[in-house]
Structure formats: structure tokens, C-alpha cells
Amino acid sequence: MFELGPAEWQAIQVTFRLCLNTTLILLVLATPLAWWLAQGRSTARVVVHAVVALPLVLPPTVLGFYLLIVLGPRGFIGQGLESIGLQHLAFTFEGILIASVLYSMPFAVQPLTQAFQQLGRRPVEVASSLGAGLLDRFVSVILPLTRGGFVVAATLTFAHTLGEFGVILMLGGSIPGETKVLSVLIYDHAEAMNYPAAHSLSLLLLIFAFITLFVVYSINSRFVVSKA
Amino acid sequence: MFELGPAEWQAIQVTFRLCLNTTLILLVLATPLAWWLAQGRSTARVVVHAVVALPLVLPPTVLGFYLLIVLGPRGFIGQGLESIGLQHLAFTFEGILIASVLYSMPFAVQPLTQAFQQLGRRPVEVASSLGAGLLDRFVSVILPLTRGGFVVAATLTFAHTLGEFGVILMLGGSIPGETKVLSVLIYDHAEAMNYPAAHSLSLLLLIFAFITLFVVYSINSRFVVSKA
Amino acid sequence: SEPIRIAAAANMRNALEEIIGRFQQSHPTARVEAVYGSSGKMTTQIINGAPYDLFFSADMTFPQQLWTVGLAATEPAVYAQGRIVLWSTTLDASSLTLDDLTDASIRRIAIAQPAHAPYGQLAQQAMTQAGVWEAVQDKLVYGESISHAAQMTQSGAAQVGIIAQSLAVYPELAVHGHALIDARLHSPLQQGYVITRRGGERPPVLIFADFISSATAQQILLAHGFELP
Amino acid sequence: MSLQIRARWQPGRDFELQLDCELPLTGVTALFGRSGCGKTSLLRIIAGLERVPDAQVQFAGQSWQRGRHFVPLHKRRIGLVFQEHSLLPHLSVRDNLLYGYQRTAPALRRLHPPEVTAMLGIDDLLDRRIDQLSGGQRQRVSLGRALLISPQLLLLDEPMAALDTQTKADIMPFLARMAAEAGVPIIMVSHAPDEVERLADQVVFMQQGRIERIESLQQVLARPDSPLFADTGAVSVLQGPLGEPDQHGMRPFGPPEARLWVPTSSSSGAAEATRLRILARDVSLSLLEPRQISIQNQLPVTIEHLYPAQQQRCLIACRTAQGQLLLAEVTPRAVSQLDLQVGQKLYALIKSVALLA
Amino acid sequence: MSLQIRARWQPGRDFELQLDCELPLTGVTALFGRSGCGKTSLLRIIAGLERVPDAQVQFAGQSWQRGRHFVPLHKRRIGLVFQEHSLLPHLSVRDNLLYGYQRTAPALRRLHPPEVTAMLGIDDLLDRRIDQLSGGQRQRVSLGRALLISPQLLLLDEPMAALDTQTKADIMPFLARMAAEAGVPIIMVSHAPDEVERLADQVVFMQQGRIERIESLQQVLARPDSPLFADTGAVSVLQGPLGEPDQHGMRPFGPPEARLWVPTSSSSGAAEATRLRILARDVSLSLLEPRQISIQNQLPVTIEHLYPAQQQRCLIACRTAQGQLLLAEVTPRAVSQLDLQVGQKLYALIKSVALLA
Ligand SMILES: Nc1ncnc2c1ncn2[C@@H]1O[C@H](COP(=O)(O)OP(=O)(O)OP(=O)(O)O)[C@@H](O)[C@H]1O
Ligand SMILES: Nc1ncnc2c1ncn2[C@@H]1O[C@H](COP(=O)(O)OP(=O)(O)OP(=O)(O)O)[C@@H](O)[C@H]1O
Ligand SMILES: [Mg+2]
Ligand SMILES: [Mg+2]
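Shown next, in the form of C-alpha cells:
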């Protein structure tokens, strides 16, 4: 139906790397943060909770613009990196990865916080009494019992990163093989009025996303923990 | 610090109407859907669950373009509307409202489904045994016990709608007072390299969003239901 | 070695792709990659370290800005002039005039956002000059860029769009006719380019820049609805 | 008035509930059976919490389930106490208690919060959050909540399992009165024989998903091998009028020819029909009329049946002069030493008697 | 070996737990007290689930909490059964049971799944999901799970509240053996006096957040007003050797001068030190040596103390010829009719005796 050229393959690869890395990094970062947020109701927590959601509020290109300023050669972080002999992060894969992580943060933090809150402390107490240490408890009890929250976090992050292009376009500059992701490519095709290509790629993206989501939800639904 | 002109005020009003309506409509639509999704693990549910997330996957402008085609005068829905004497939905507030609802759907459906699943059936059984009918049970038991899920759904939807502009720009055509929202205005300023205006409006948006989120989370954290 | 990276205004897409194709025929080893987008965005990116060697803007202001802050290796040079057209998929646009826009049967007119898109400013000027600006106010819808305006028109949601001639000659759009708007109704839109500071140090970039003013390239630009300076 | 249930339900491979019974709806019905026999499942079917296809449930003439007809739980007016604590965690104790009360039409309200909380001893807890309660406190609130809907049927799944003896003793008379005076039938799961003996009017014995037998408490108590007695041994229940106390505070029970003396514990007056519960192991037999002995109650009886010895205990059914059945438990050695025979006349010495209800 | 606790904890306005005690760690310690008195809270402090500031907990020489030193629960090796069911809902029954077992160093494992599941009667449930269990089944799985970590201390919060008499009877000997033979101290909350009498070596009485007294079972039983007897009345426990059964299956207990006959229920052989539990209300007094009576056990005794009558019952402390204390409960009328006095010699007729453990 549609031949994928090298440009498409490259974009698919970058997209895939970006989504996978974003999702993984985000889960790693969001889990402890969400855990902390779920533990109490201090003002500090409420503030952090609100701040986490803020990147969502800015138009993506504008957010990309601010990130560009911060991560670029003249920005605080970019300059800091260059001063220790590294490269600034604008127009790099690492840069758009950071942006994606930041941007999707609320999609991961919020459902996890909510899942942790709904969990209650009894399962953790039980696991402790059975000899499970901190990490063990997390892996063997908390994780499976809040799996739903992780699935929501992961799928929202994943899907959102797949579709996001405003931030990426601005900060990444659509450099093939580095920052040119599938959504940017589709956008390009649409801009070029190359609709057959845009449609095909959109369809491809949708099918891919659907299959991924379908598989994840299928597996998840098999393991639903019924509460007696 | 920054004078808000009439254009800004207009955009603020539209934005506010859009966010409020989107959030409300979405909660009304997502709640029964999420409830249904949480009730079982049939293939139909898994498919719907995956489909709900799909709009996220497309680049917003591309999604906007497709919506423009569908909701516009030549599209399936637009034509349908015109045939019954109504207006098609391209470049209208109703149009961008529908788009926002569609686009933010997964942010509402997923956390709610997850909250409903974690709820278990016992509280509902208890409420029934105490004489509460369907709606009563929902309002007096399910809602308060899954309030966390609703807060996540509402704040993600709200924040995302505040920041979204790709779909809105394409489908809405940024008509002042009708479809020109704050995020589009900020984008315009940034594109025109009118940075002072962009910065001020961004700051305004961030402060507004922060206050809203802070208030919502504060109230929510007061009512956290501790599980014994 | 690194490819020649070009940042170009969205309306340059088809013309530039053809020019690049030609260039590569005569320079088989050269790799050229072009990124298209709004000129404002690209200027911002270049200011913040984007690895572009050449910048083909949709106007002169943005290149001038780069030159002023010292990020351009060459002074901005005009490579083409843009023209705007009336275009429609629902009406026969070839016979349309700006005055027709006030007709009640035309409910929506798409233009690019004049606040930042050069072609949008052109459209605004033209309508103002034609004395219809006030009358069409309520019909206007704004695209993020000139191609968005074209897409809005293409979907039929806007009956008429004022778009760049360079877009109207796209094969996809050329199936519908268009009416060229009198150049006297707006100031000339000079599209300028600069070699960035980064590109200035790379010989292949200079070769490509030279190629732009070659007859071949100019021929292509003309064919794609641009006028020459 | 009765509760008719017909249902067949297989929640899992290893268990099938098969019900086709008619439960009498007078007073308290105890559901008795080993762990996992299906007691909770039975209650859930009665409540309509498990909508088993083809089940039929009919309560006192109201059809609750039949074919496609199904009355949802919230319209059945059942007071339900779940086996596991199930207070609504977002509501205070007060709001939990009032949840059902407020949803009961004022005209139907027979019980009101003050009396119920006082009876349950939870007056001081009303403002607490649910997670600030002890296990027993939760159980009492659950019971109170169910009572406050003034139900037409109470289904109690081990409602007093987490309560101490004293608290139970405070609550049981209240429940007994609910059933007897307010006419609210109670179906109660209990593993405690003393609760069953104290409260039940009839006992439903369940085993492996089936109802084995439904017996009145009388019948249960007359059957020495009843599962109820796994713990205490056989019990007799005598019925008769109770007289006024004498100077020692002892009250005469039964007619002169079969008179027993019962210590007065409560200050209630004479009553026509009371029940005395007598453990078979509290009854001794003597060939001679005993004298100079602290055992106050000595009845002339005739041996009616000698049950074969089981586990070093012989059960002897005796008929009193009044014609009631009295079980005595003695050792096989005593049987052989006294050479006990059917038809023999002797004296039953009753060490202690307990007035029921 | 003992468990020292010092803590002061006020979870809410109306309740304060004040602990400064040393619990002996031999055998089974029963925690007894009314609902809401702080039993669960005490267990939670011992387990370290409530980290109360300034509390001190020391278990058999190991300091579990003192100042900033705090051993987390998972390093304390405590087998914990929560009052409310707390199985991990994402694991099968088997995985719940194995969760702690697998986390116990193989060298420390003394109990293994097969014996525990067989003892608890949950062999058939291993593959079930948690929501497919009945209440009593859940409670048994919880107990099994706690046992399978081969703990150094068992904290059981009403571990048998949802179980039927028969199942309890199967489990209790196992727990008794755990405590006695394996030397695992058990602290158990129970509202059931029969469980306490059957299992406990000492009883901790709690009231309103304080430990009122800690007594050995002997002491508890000798005290007729013990809260334990709210239900059954006073109890005596006699200790002595148990002989071989006679032709009627009756086994002699105690020395010839104070011989009792006990029916053999189990086939266990003679034993040096056994305990007989005798309810005071099972003991009658006779001035003459009774004859031709089914009561087999007649001991000559001397009245040592007459307790004042309470609720129509008089408790009489008698000394046996062997010097052990035996409580008899008689009516005030019998006291006046027989004219009972301290120092009087008479016969105690013991209707039934129950061998403990
Ligand atoms: N967070 C709290 N706030 C206020 N009071 C509390 C809180 N937690 C417990 N309590 C009170 O502390 C007391 C002791 O509770 P605990 O659970 O230890 O009782 P318990 O002896 O186990 O009772 P039960 O036999 O009913 O389970 C109770 O009266 C309870 O109401
Ligand atoms: N979903 C299920 N799948 C398989 N078996 C089930 C399921 N639900 C219940 N059972 C089984 O049905 C039987 C009856 O359960 P029920 O809860 O009615 O017992 P119960 O008599 O209330 O016992 P208990 O006294 O222990 O609470 C149990 O053996 C239980 O294991
Ligand atoms: Mg049950
Ligand atoms: Mg407790």
C-alpha cells in the first residue's frame, strides 16, 4: 500500500527510541516522586503536584522555545554543559528526550500518585511482616497492586510522546536521524500537501499505536486484581 | 507589569470557556465510559480503551486537519449537520470544543477507569444495601471514593486544554472572540518574536494554572480517604 | 562529512526540493537536507544554536535580524519575490477578485496570521488596499502559516484562501484555478536568505548559495510561482 | 411468612451451591455450618448481590427474583452486615450510621440513632473517621448502620465475631427484641453455639453448599449429635411458666410435680412461657432421693432411652413428670454401676440451669 | 526471656495507650480486654507498625526500638495475623503462603507448606484467587502465611474469630505445640474464653489503654471474678499425674486420697503432669457421702472460704485432701439449707471434668 523510504525508517527509529526512552525514564523518575506525593498532604506536596502539571499549560512551541533558551548554547543548562566540555542540548536527541520527559511528566506522576494513594498501607505492612525489605516490597507488592496506574502512566506517556511535535520541532529542529520523529514527518508531509504520504504515515502510526495499546491493555486486563 | 489589551481579554475569555466546557463535558462523557471499561475485561473493552487513546498519537495539526475535513462542510459530520439545517463546525467554538474533548479524552477516561477498577465492588454493595439507588450510589459513594481519579482527570484535561493549540489553530482558525485562545495568542507573539508579550502572557497563564491547580489539589488533599 | 542543512520558509518547499535535486545532479557527493517551517521559528532556532547552514526566509526582516546580531556570515540577499493569489476549491477562483470576497455567499476566508506570517501581512495589505478589509473582518480565519491557510481552504471549510502563488502551483492545489492578486495592492514581498555563521565556514555551503542565483535555480523559482528580484 | 429460595450457583470449579428451601421467617434463624460451606453465598443470593440466573427468591409474598424479574437490593430493604468490615471510608461514623437512616422513609423508621448508638456503646465514636476505630468498634457501627434502615429483614454475617463477651451480652437482647417484638426476621451466620442458643428460633444447618436440615431450636437441642454441640455437648430446653422469687431470690419454674428453682438474675417479673437451657452434662442421676446436697433441683424422672456410649460419655434421655424431655450425660461406668435401664424411675439432679432470653 | 515495652501513644483525643510492662515470653500469652481497649494497638507497637516516638521495645535481649534505633518490621521476624483479613489480592493462595516462606532463610525454616496447609485444611484452595475464598478460609490462609515464616514471635489478632468450632479444635493443638515444643512465643488477642483457657499460659488483661494485670492462667482461674469468666463462671484447674484407663475407659487422675476419674478421649498414654479444668458450677457439695448416684467423682474437701453471694450464686473455695484449690458454685439457698461454714468437711461432687491440652 505504501512504501517506506529511508527517511521514514529513520523517523520511525528515532520515534521508537524517543518513546521508549521517555516512557522508561519517566517511570523511573515519576515513581519515587509520586510515592512521595502520595504519602501526605503537606503544602510542599501540593505545590510540587501543581508544578509538575505546569509544562502542559504552555503551548508546545512556546514550551519548546523556553527549553531551547535554557538548553541551548546561551542557556543556563546548555552553557553549564559546555563549560564542562560537553555539548549543549538543543537540536540533539538528548534534548528532545529531556523535553518529552518534562512534558509528559504529569501523565505519569498524576495517575501514579492516585494509584499509590488508593493502595492504602495495609499491603505494605503485610509484606514487611513477611520479611520483605523496601525494594522487595515495591517490586512484589506495590508494583503489581498499582499496575493499573503504571499502565495508565506508561500508555499516556507513550501515546503523547508519539504525537507530540510542537516541542520537538522547536527544540529539535527536525534533524533526520537525530530529532526528526514520525509526527514531525507527518506534519511535514501534510504541510507539503503530500496527503497520500501523510495519510499513510498517520495510518501506520495509528495502527502501530493501536496494536501497542491493545497488547498492553490486553495483558493488563488479564491481571486485574479483583477486590473481594 | 503588563497591560492586557482587548485582544488578550478576549482570548482569556475564550480560553476559560473552552477549558471549563471541555473539562465538564469530558467528565460527563468519560465517567460512564470509564465505568463500563472498568466493569470487565472483554475484547470490546480493550479495543475501546485503545481507541480512546488514539487521538493523542497524531500530531495535533494533522489531527486538526482531519477534524477540519470531517467537521467541515464537506465532511461526514459537517454535511450531516448542514442537512438538518445546522451549521458545520469548522471555525466555530463548538468545533474546537469537540476537538478538545476528543483530544483530551484519554486523560479523563484512563485515570477514571483505573480509579473505578481500584474501587472494588464492596462500597457499591454497601450503599445498595442501605437503600441507595443507582444515581444516589454514584454521587454519595463512588464519586467521593474515586475523587482522586476525577481530580487527575479534571486537572490533566484542564491543563492540557489550556496548552493545546495545534488542533485548535487548524480547526478553529484563531478567530478572535470565537476560537482564538490564549495559547494561540502566545504562539503568535512568539512567532512574531514579540517576546515580551509572549513571556508576559506565558507567565500569566502559568500563574493562573498554578493557582487553579494549587487550589484543586489543596482541597483534594484535605479529603484524602485514608484506608485503614 | 555533514550535510548542508538548509532552513527554509514553508512556501519554498517544492521549489527548493527541485533546486536541491538539480544541485545534486551536478554535485553528486553533496548531501543537502532541508527543513521547512515558519521563518520566525527558524530565526529563533538559529539564534539558539541550530545547526543550519543556510536560511531561506519568507521575508527580509528575519535574515536582517540574524545579520544584525552577527549570526549571519553574509548580508541578507533577496532570492525571490512572493506573490499572493486567491484560491478556492468550492468556487472557480480564476475569475475571483478581492471585491468578490464581500459577497454573502463567501462565509470564510483563510489567510495566514498577519501577526507573524509575511504572506499574511501581504494578504492584509492587499485587502486593505482593495477596501474590503473591514468588510471581510468577520469572515477571516487565520492559519499558523500560509500552508495552513491553504489547507483550511482545501478542506472546503474556508471557501476562499489568500495563499502564496508558490503554493497554488503545487500539483495538488493546481487542479483548482487561482487568481493572482495585483502586485500594486501590496508592498513587494522580498524573500531573503543568509548564510549562517556556521555555514560561512563550509565551502560546500557557499557553492550551494551560488547555485541559488544560477539561471537553473531561477528558472525553477519562476516555475514555482515566485518572481525574481 | 417465609423466605423461599431456589438457586443453583457454581462460583468455581470446586464448589456448588444448591438451594431449594423455604426458611421460616419468625424470629431469628441461625445459619450454622463449617467454614466454606456457603453461608455467605446464601446471604448474598437472598440479598440479590449475586444475580444467579434462574434463581427464585420470594420473601413473605414479595417476589424478589424470578426469571427476568429482579428487585435490586436497594429496594429490598434488607439490613446487611457483611462478614468483613465494610464501612464507607469517606464518611464519619455518624455519617455511616445515618447513610441508610436518611434513605429510609420517615414513616418506616422504627429505630433511631440515639437508642441504637447507646445500645451498641458507640456514642463516643460518632465524630471519628473510620480508620480511627478498633475492629470491634467497626463491627458495632456496621451493625448499627444496618439496624437504622429499619429493615424488613436482617442478614447478619457473623455480626459479633470481633466482640467481647460483655458487649455481645449487651447486644443480643436487643437483637432478640428486634426479632420478637418488632417482627423483623433475622438470618444470622454464627459459629458460636452460645449465640445460636441464645438467639435462634430455628437453625439452618449447611454443609458443602447444601442445606442439610432446618430445625427449630427445640429440635436442635433435642438431638444430641447436633453439630451445635461439638463444644458443649447435648442440651435440653424446658419450657414452662416462671414464678415470683422466694426469699433467696430463687424463682420456681414449671408445675409443682416438676418444679425447678432458677436464680433470678434480672428483675423481670413472672412470665408465662420461658425457656430453661440445661446442658446434659449438668444433669446427674441418682437412684435415691439425695439429701444434704447443694444441688437444689431434683426431679423425679423415667429413663426413656439410653444412647450408646460415645467418647466415654453416655447420653440418657429422661422424661419428667411433666412430660418434657431431659438429657443427662453420665459416664459408662456410672451406667454400669447404677445398672441404668429404660423405664427405670430415678432422680435427675440438675446442677445449674440457665434461663434463656 | 521476655518482651519489654514502654510506650505512650495517643492516636486520638479520646484514647491513650500507656504501656510499661514486661511480658513473659513462654508459651502463649493471651491479650484479653473489651473492644477498643487497645489490644490491636499494642500488637502494632510490638511489631513496629506504629513508630511511637520515645517508645522502647526489647524482645528477648534484642533491642527493637530505643531512641533512634529502630529495627524495621521485616527484620524482626514476627509472624503477624491482622485482625482484618489482609491477604495480598494479586497473589494466589499458594503465593500468599509462600511469600514469607521464600523470604525466610532456608536454615531458619522449621515449618513447611505441606504440614501447615494440611493442618489448616486449605490443601484444596492453593490455586484459588483470594476473592474466591470464604471468610474463614481467608483467615486460615492468613494464619498459615504467618506460620510459614517460622517466626521468632507470633502476634495473632483474633486469628480464629471467623472459624467454626471444629476447625478451631483442629488448629489450637497445633498452636499449643508451636509455643510449647518449637518455643515460639505467641501473643494472641482473643475474645473467646475457651480459646484462652485452652491455649494461654498467661493472660494480659487490658482496660482503656492500660495493662491492668498480667497473670498466669493458674492465677486467672483461681480468681473467681476474672473477666474471663463473664460467660462460664469460675473455673479451677487441678494438676496431677494421669494413669492408665480402666475397663470403662476411665483414667485415674491425682493421688489416691484425691482421686478423680477422667474419661479417655484421646489414646495418649499416662502422663506425669496434666491439667484438669473444672467449672465451679460443675461442682456440688454434699454433707453425706452420696451413694447410688451417677456422679463418679466425689472428693472429700474442707471449706476454706465462702465468697459473698453475687447474682444468686455463691462461690465456695474448698481445699482437697491433696491440698489443691477447688471452686464450687452453689445457690445461696443451698448455703443456708446446708448451713455451710468455713472449716466444714464435706464431699465435693464433680459432675464433669475436662482435660486440658
Ligand atoms: N487514629 C485514631 N484516632 C483516635 N482513636 C483511635 C485511633 N486509632 C485507634 N483509636 C482508638 O484506640 C482504641 C484502641 O484501638 P485498638 O484497635 O487497639 O482496640 P482493640 O483493643 O484492638 O479493640 P477490638 O477488640 O475492638 O479490635 C480504640 O478505642 C480506638 O477507637
Ligand atoms: N469465585 C469463587 N470461585 C471458587 N470458589 C468460590 C468462589 N467464591 C466462593 N467460593 C467457594 O464457595 C464456598 C462458599 O463460600 P462462602 O463464602 O459462602 O462460605 P461461608 O460458609 O461463608 O464460609 P466462612 O464461614 O468461612 O465465611 C467456599 O468454599 C469458597 O471457597
Ligand atoms: Mg462467610
Ligand atoms: Mg483490635
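Sequence lines, in order, name chains Z, Y, P, R and B. Our numbering applies: residue 1 is where the first sequence begins, and numbers increase by one. Our numbering applies: residue 229 is where the second sequence begins, and numbers increase by one. Our numbering applies: residue 457 is where the third sequence begins, and numbers increase by one. Our numbering applies: residue 686 is where the fourth sequence begins, and numbers increase by one. Our numbering applies: residue 1043 is where the fifth sequence begins, and numbers increase by one. Heads up, the beta-carbon is just placed ideally off N, CA and C, and yes, glycines get one too.
Item                                                                                                                                      : Value
Below-8 Å beta-carbon distance, residue 572 (chain P) vs any chain Y residue                                                              : yes
Residue 1167 (chain B) versus residue 1356 (chain B): straight-line alpha-carbon distance, rounded                                        : 51 Å
Residues whose Cβ lies closer than 6 Å to any heavy atom of ligand 3, in chain order                                                      : R:724, R:725, R:768, R:842, B:1176, B:1177
Which of helix, strand or coil DSSP assigns to residue 952 (chain R)                                                                      : At residue 952 (chain R), the pLDDT of 47 sits below 50, so the modelled position is not reliable; the number obtained from the coordinates is stated separately. Residue 952 (chain R) falls in the coil class under three-state DSSP.
Closer than 7 Å at the beta carbon, the chain B residues around residue 972 (chain R)                                                     : 1334
Cut-off 6 Å between Cβ atoms - residues of its own chain near residue 572 (chain P), not counting five sequence neighbours on either side : 496
Rounded C-alpha distance that separates residue 283 (chain Y) from residue 329 (chain Y)                                                  : 10 Å
Through-space distance from residue 1298 (chain B) to residue 1388 (chain B), alpha-carbon basis                                          : 17 Å
Interface residues of chain B facing residue 221 (chain Z) [CB-CB closer than 7 Å]                                                        : The contacting residues do not exist; residue 221 (chain Z) stays about 14 Å from chain B at best.
Minimum length 3: unbroken beta strand (DSSP E) runs contained in the region 744 to 802 of chain R                                        : 747 to 751, 763 to 766
Other residues of its chain near residue 141 (chain Z): CB distance less than 8 Å, five sequence neighbours each side excluded            : 123, 124, 126, 127, 132
Nearest residue (CA-CA) to residue 327 (chain Y), options Y:261, Y:260, Y:294, Y:383                                                      : Y:294
Assumed close pair residue 181 (chain Z), residue 165 (chain Z) - CB separation to whole angstroms, cut-off 8 Å                           : 7 Å
Contained alpha helix (DSSP H) runs [length at least 4] in the region 57 to 144 of chain Z, N- to C-terminal order                        : 60 to 71, 76 to 83, 93 to 119, 122 to 129, 134 to 137
Contact test: residue 847 (chain R) Cβ vs ligand 1 heavy atom, cutoff 7 Å                                                                 : yes
Identity of the residue in B:1293, B:1289, B:1276, B:1277 nearest residue 1283 (chain B) by Cα                                            : B:1293
Cutoff 8 Å: residue 1309 (chain B) Cβ touching any chain R Cβ                                                                             : In this prediction, residue 1309 (chain B) has a pLDDT of 47, which is less than 50 and means its spatial position is unreliable; nothing more can be read from the coordinates.
Any non-hydrogen atom of ligand 4 closer than 7 Å to residue 1231 (chain B) Cβ                                                            : yes
Under 8 Å from the C-beta of residue 170 (chain Z): neighbouring residues of chain P                                                      : 497, 500, 501
Where residue 686 (chain R) falls, given that 16 or more other Cβ within 10 Å makes a residue buried                                      : exposed
Selection from P:601, P:600, P:579 that minimises the alpha carbon distance to residue 593 (chain P)                                      : P:579
Chain-ordered neighbours of residue 464 (chain P) on chain Y, where CB pairs are closer than 8 Å                                          : The premise fails here: residue 464 (chain P) is roughly 16 Å from chain Y at the closest Cβ pair, so nothing lies under 8 Å.
Any 3 or more C-beta pairs closer than 8 Å across the region 56 to 65 of chain Z and the region 418 to 438 of chain Y                     : yes
Continuous beta strand (DSSP E) stretch holding residue 1046 (chain B): start and end                                                     : 1044 to 1054
Boundaries of the beta strand (DSSP E) in which residue 1379 (chain B) is found, first to last residue                                    : Residue 1379 (chain B) -> not in any beta strand (DSSP E); alpha helix (DSSP H) instead, spanning 1374 to 1380.
Beta-bridge partners of residue 231 (chain Y), as assigned by DSSP                                                                        : Per DSSP, none; premise fails for residue 231 (chain Y).
Bridge-paired residues (DSSP) for residue 709 (chain R)                                                                                   : R:687
Element boundaries [alpha helix (DSSP H), containing residue 412 (chain Y)]                                                               : 410 to 419
Nearest neighbour of residue 1343 (chain B), chosen from B:1047, B:1320, B:1369 [CA to CA]                                                : B:1369
Coil, strand or helix - residue 701 (chain R) by DSSP                                                                                     : strand
Cβ-based burial, residue 524 (chain P) [other Cβ within 10 Å; buried from 16]                                                             : exposed
Per-residue burial, residue 1326 (chain B) [other beta carbons within 10 Å of its own, 16 or more giving buried]                          : buried
Closer than 7 Å: residue 1057 (chain B) CB and nearest ligand 1 heavy atom                                                                : yes
Under the three-state DSSP convention, the category residue 620 (chain P) falls into                                                      : strand
Spatial distance of residue 752 (chain R) from residue 365 (chain Y) (CA atoms)                                                           : 26 Å
Whole-angstrom distance between residue 244 (chain Y) and residue 16 (chain Z), CA atom to CA atom                                        : 36 Å
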